[in-house]
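Following: one structure in structure tokens, then a few remarks.
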Amino acid sequence: MKQGMATREAYGHTLVALGRENPNIVVLDADLSKSTMTKLFAEEFPDRFFDAGVAEQNMVGMAAGLASCGKIVFASSFAVFLPGRCFDQLRMSVAYSQMNVKVAASHSGLTVGEDGASHQSIEDLALIRSLPGFRIIVPADEVASAWATRTAASVVGPMYLRLGRPKSLIVYENGHDFVLGKAVRLLDGDDATIIANGRMLAEALQAAAICRDKGIAVRVLDMHTVEPLDREAVKDAAMETGAVVVAEEHLLNGGTGSAVALVLAEEYPVPIEFVAIKQAFGQSGDPASLLKAYGLTADDIVAAVEKAIARKRQIVSVRRGS
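In this note's numbering, the protein residues as written are 1 to 322.
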């Protein structure tokens, strides 16, 4: 895999393309357009760009108002502010009212890096998942980010895009046929399944290569859509591989792993392991060092796969013994 642009960059460029295609699209920001990359839209369409200043709650209210007038609205800021600082506004003005607002939250996860704990949004999925009606996409690379942005513009209703700060490894070829709510099966294997999204998908693919060298065949699913979750893909993975590992750049509680575990509990319980942040705040550091410090590397995923497989074998052994 080669390095491409950050998912936030792909979002910014795609917004410009959408703006040229559809004059009904408007974009809002909260004094961070250089970082969220909405500056690209602002430069080309200044009459359709609104900067709310350092007032994220007001920006969400503005977005809901514009959406109520028939506009397709993209509201952008850092993930630590959206939904963190704006939860009540997102709850009442967007989710409850089912406004056609697209919340694009950049700088998510630990890989904000040196900005430290105050700017590392590791609980945003838990917050936004709690709001009925929001669709949630966590793209892994620039190709997926461009698709996610276009999908947000075409689907009516609240949407949450979780975008990253650092450049991402390219997983997909241009033109890949994504489907909202349907996971992408990138690799096949019978021993276990790794489910990942965002930055962690590249780590999952590297983990799969390590597993292959160890004689372990794993399925890899890109769960790019967290809501609605692809229940069928999760159930099939459980039935066909018997062990699941979920890897995400988010707190253990409330993220993709929680969503997958709920499906497994309801549909087909199997051993499941989680590669996630274990109920701790972040800290300042470079992205690679932070992923290692918090147990979010390919090696950590491999260890989780081996643990899940050992648990699967233990269950099989007990059943045979009985």
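In this text, a Cβ means the ideal position worked out from N, Cα and C, and glycines have one as well.
These numbers were taken from a predicted model, which means no experiment stands behind them.
Cα-Cα separation between residue i and residue j, rounded to whole angstroms
i: ALA303; j: GLN57; result: 42 Å
i: CYS86; j: LEU131; result: 12 Å
i: CYS211; j: VAL218; result: 7 Å
i: ALA105; j: SER76; result: 6 Å
i: VAL226; j: VAL318; result: 34 Å
i: ASP190; j: LEU180; result: 26 Å
i: ALA55; j: GLY215; result: 53 Å
i: LEU187; j: VAL171; result: 12 Å
i: ILE195; j: ALA204; result: 8 Å
i: LEU252; j: PHE49; result: 36 Å
i: ASP88; j: HIS250; result: 21 Å
i: LEU61; j: ALA293; result: Before going on, a small fix: residue 61 reads as Gly here, not Leu. Distance between the alpha carbons of GLY61 and ALA293 is about 38 Å.
i: ALA208; j: ILE315; result: 23 Å
i: GLY133; j: GLY321; result: 47 Å
i: ALA144; j: ALA117; result: 27 Å
i: ALA310; j: LEU127; result: 33 Å
i: ARG231; j: LEU262; result: 10 Å
i: ASP29; j: LEU229; result: 28 Å
i: GLY175; j: ALA146; result: 10 Å
i: VAL101; j: GLY295; result: 35 Å
i: GLY84; j: MET59; result: 14 Å
i: VAL260; j: ILE136; result: 14 Å
Collapsed DSSP secondary structure at residue i in the structure displayed
i: LYS330; result: In the structure as shown, the chain begins at 1 and stops at 322. Residue 330 is therefore absent and cannot be evaluated.
i: ALA237; result: helix
i: GLN3; result: strand
i: VAL302; result: helix
i: LEU18; result: helix
i: MET159; result: strand
i: VAL323; result: One cannot answer for residue 323 here, as it falls past the ends of the chain, which runs 1 to 322.
i: ILE315; result: helix
i: LYS182; result: strand
i: PHE45; result: coil
i: MET138; result: Rather than Met, the amino acid found at residue 138 in this sequence is Val. VAL138: coil per DSSP, three-state reduction.
i: LEU131; result: coil
i: VAL143; result: helix
i: ALA64; result: helix
i: THR297; result: coil
i: ASP286; result: coil
i: ALA196; result: strand
i: ASP87; result: Before going on, a small fix: residue 87 reads as Phe here, not Asp. Three-state result, PHE87: helix.
i: LEU187; result: strand
i: SER118; result: helix
Beta strand (DSSP E) segment containing residue i, residue limits
i: ALA247; result: 244 to 251
i: ARG219; result: 218 to 222
i: SER106; result: 101 to 106
i: ASP51; result: 49 to 51
i: THR225; result: 225 to 227
i: VAL275; result: 272 to 277
Supposed close pair residue i, residue j - CB separation, criterion 8 Å
i: SER121; j: ALA79; result: 4 Å
i: ALA238; j: GLU273; result: Incorrect: roughly 13 Å between the Cβ atoms, too far for contact.
i: GLU324; j: ALA10; result: Outside the displayed span of the chain (1 to 322) sits residue 324, for which this structure offers no information.
i: ALA276; j: GLY255; result: 6 Å
i: ALA183; j: MET223; result: 5 Å
i: GLN206; j: GLY157; result: So it is not a contact: roughly 35 Å between Cβ atoms.
i: ASN197; j: GLU240; result: The pair is not a contact, with the Cβ atoms about 20 Å apart (cut-off 8 Å).
Extent of the continuous alpha helix (DSSP H) run through residue i
i: THR36; result: 33 to 36
i: LYS210; result: Checking the displayed sequence, the identity of residue 210 turns out to be Ile instead of Lys. Residues 200 to 213.
i: VAL27; result: From DSSP, VAL27 is part of no alpha helix (DSSP H) but of the beta strand (DSSP E) over 25 to 29.
i: ALA265; result: 256 to 267
Task: the stretch 157 to 174 contacting the stretch 258 to 272, beta-carbon criterion three pairs below 8 Å - done: The stretch 157 to 174 vs the stretch 258 to 272: no contact.
Task: the stretch 57 to 68 touching the stretch 32 to 41, judged by at least three CB pairs closer than 8 Å - done: No, the stretch 57 to 68 does not touch the stretch 32 to 41.
Open item on the list: Closer than 8 Å is the cut-off here; do at least three beta carbon pairs connect the stretch 41 to 51 with the stretch 17 to 25?
Closed with: The answer is yes - the stretch 17 to 25 touches the stretch 41 to 51, with three or more Cβ pairs under 8 Å.
Task: the stretch 108 to 125 / the stretch 143 to 150 touching (three or more Cβ pairs under 8 Å) - done: No: the two stretches stay apart, fewer than three of their Cβ pairs being nearer than 8 Å.
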